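If you're matching positions, the sequence shown starts at 4 in the working numbering and goes up one per residue.
Think of the CB as a built atom: it goes at the ideal place given N, C-alpha and C, for glycine as much as any other residue.
Bear in mind that the values here come from a model prediction, so they are computed numbers and not experimental data.
The structure appears right after this line, and notes come after that.
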Amino acid sequence: MKILQKINIAGIIFLSIILAACSTINPYTGEKQASKAVIGAGAGAATGAVVGLITGDDSRERRKHALIGAGVGALAGGAVGYYMDVQEAKLRQKLAGTGVSVTRDGDNIILNMPGNVTFATNSADINGDFFAVLDSVTIVVDEFDKTLVEVMGHTDSTGANEYNQTLSEKRANAVSKYFQSREIQPLRLATYGYGEDYPVASNDDSTGRSQNRRVEIALVPLTKS
């Protein structure tokens, strides 16, 4: 404890960011893997939050520890499922007819935002018509503050892998930055670019490629483990 007290806070924040970049989470298994492009995980303002970032096992666990250290209460037991059930219902209501799908994966909620309604071709600038949809998501995410928000960019396999990787990062980051501009706590957010690595359909035809160009948002309950 005495050692931690002597460490410059700026140094702790820097270290926490470096550690967060060392690993990433497979968007479908939730398991840790070597980082390909972790491009954002908010830094805590309070010392307790910063220490939480350092002591966690991976990016998601670090953010959980940091939020709990910052005083955000964790969910437990049957409260987890109920909390996510209510959040899911509100999201389905607000996003009906927008083109954004809402699916449940255990206690996690996945929002799938197709690239054709979110961004122009080869662009990371959010379509103007889509801001209202993101605002609807923001309202619910802000209300249910005991959730982590993981923004994940994906592309099809057309073009160079490096280009697709960069584009997926930029698009995910654009959505994450918009959430931050609407005062979603940065510590809740993590942003990942996966390029063409996780297709949900075949890249052999235009229909499949259209499905693969997407931004997904995973809402993960804040629990102690």
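- In this structure SER179 is buried. Its beta-carbon is surrounded by 16 or more other beta-carbon atoms within 10 angstroms.
- Counting C-beta atoms within 10 angstroms of its own C-beta, ASN164 has fewer than 16 neighbours from the protein chains shown and is therefore classed as exposed.
- PRO202 is a Cβ neighbour of HIS157, given a cutoff of 9 Å.
- As the crow flies, the alpha-carbon of HIS68 is around 21 Å from that of GLU186.
- Here VAL89 is not near LYS149, since their CB atoms are 9 Å or more apart.
- In the pairwise beta carbon analysis, the segment 205-212 is classified as not touching the segment 133-150: fewer than three pairs are separated by under 8 Å.
- In this structure, GLU199 sits near ASN167, with a CB-CB distance shorter than 9 Å.
- Classified as buried, TYR195 has 16 or more neighbouring CB atoms from the shown chains inside 10 Å of its CB.
- When the five nearest sequence neighbours on each side are left out, the beta carbons in the same chain lying within less than 7 Å of the beta carbon of ARG174 are those of PHE122, ALA127, GLY156 and VAL218, in order along the chain.
- Following the DSSP letters along the chain, one finds SER213 inside the alpha helix (DSSP H) bounded by residues 209-215.
- Scanning its chain for C-beta atoms nearer than 8 Å, with the 5 sequence neighbours on each side dropped, one finds around ASN206 the residues ASP159, SER160, THR161, GLU199, ARG212 and ASN215, in chain order.
- Taking all protein chains shown into account, TYR85 has fewer than 16 neighbouring C-beta atoms within 10 Å of its C-beta and is therefore exposed.
- The three-state reading of DSSP puts PHE182 in helix, counting H, G and I together.
- In the DSSP assignment, GLU153 falls within the beta strand (DSSP E) that extends over 150-157.
- Taken atom to atom, the span from the alpha-carbon of SER171 to that of LEU192 is near 16 Å.
- Within the same chain, Cβ atoms closer than 6 Å to the Cβ of ALA77 are found at ILE71, LEU225, THR226 and LYS227, the five residues on either side in sequence being excluded.
- For the pair VAL120 and ALA99, the Cα-to-Cα distance works out to about 14 Å.
- Closest option to PHE133, judged by alpha-carbon separation, among ALA221, PHE182, ALA82 and GLY81: PHE182.
- DSSP places SER104 in the uninterrupted beta strand (DSSP E) bounded by 104-108.
- Ranked by how close their Cα comes to the Cα of ALA204, the residues VAL154, PRO117, MET87 and GLN96 have PRO117 in first place.
- DSSP assignment within the segment 70-126 yields the following whole beta strand (DSSP E) runs of 3 residues or more, N-terminal first: 104-108 and 111-117.
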